[in-house]
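What follows is a set of notes on a single structure, which appears directly below.
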Amino acid sequence: MTTYVLCTDPASRLLVVQATGHGTWHLPGGVVEAGESPLDAALREVREELGLAIDLRDDDLFAVEWAQARRSGARDRLVFLWAGPILSTADTDRISLQARELCAWRWATAEEAKELLHPAVAARIRAPLQLPGPVTYRETRHERTT
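FYI, the numbering for the sequence shown is 17 to 162, going by our numbering.
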């Protein structure tokens, strides 16, 4: 399982982070550890990656996705997406990136996010980002490669 948080600013831009050494952009979040709930993992990942303690509740769940494994021998997984907080300038002034994992962060409009993020990740993002409504569920299937 993996879990990610959609943090936005008052202009509805999305906070994206860049992986150290890879240059790829993604959402704050990561793997749910053994014995950890997806919500607890989301809170931990944001705290570890950004140095921010955010308020996130179970009713902030935005979407759940079943993602089929891309290669033989890999496992399918569930992806949890949370509608995170609207961050103020004071919040972003406190961002302290976990240097071994992240080298940069930025705000991205919905259009920019679709260009920066992996297409599978970008497809998970739907507006409005700040207001969770009914939780969406989707399945992502891939033609498996060996």
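The beta-carbon is built from N, C-alpha and C at its ideal position, and this holds for glycine as well.
Is the shortest distance between the beta-carbon of residue 85 and the beta-carbons of chain B less than 9 Å?
-> Looking at the structure shown, chain B is missing, and only one protein chain is on hand.
Going straight from the alpha carbon of residue 31 to that of residue 126, what length do you get?
-> Here residue 31 refers to the residue found at position 15 of the sequence shown. Here residue 126 refers to the residue found at position 110 of the sequence shown. The straight-line gap from Cα to Cα measures roughly 10 Å.
Secondary structure at residue 33, three-state DSSP: helix, strand or coil?
-> Against the sequence shown, residue 33 aligns to sequence position 17. Correct three-state label for residue 33: strand.
Taking Cβ to Cβ, would you say residue 57 is nearer than 9 Å to residue 77?
-> Position 41 of the sequence shown, counting from 1, holds the residue named residue 57. Position 61 of the sequence shown, counting from 1, holds the residue named residue 77. Not closer than 9 Å, so no.
Contact set for residue 20: own chain, Cβ-Cβ below 6 Å, skip 5 residues either direction = Sequence index remark: in the sequence shown, residue 20 carries index 4 (1-based). Answer for residue 20: 43, 45 and 97, listed in chain order.
Apart from the five residues on each side of it in sequence, which residues of its chain come closer than 7 Å, Cβ to Cβ, to residue 71?
-> Position 55 of the sequence shown, counted from the start, is the residue given in the question as residue 71. Excluding residues within five positions, the ones whose Cβ falls inside 7 Å are 101.
Spatial neighbours of residue 91 in its chain, beta-carbon cut-off 6 Å, leaving aside the 5 residues before and after | Against the sequence shown, residue 91 aligns to sequence position 75. Same-chain partners within the cutoff: 85.
When you compare only the Cα positions, how much space is there between residue 23 and residue 55?
-> As a first step, residue 23 must be located in the sequence shown, where it is residue number 7. As a first step, residue 55 must be located in the sequence shown, where it is residue number 39. One C-alpha to the other measures close to 14 Å.
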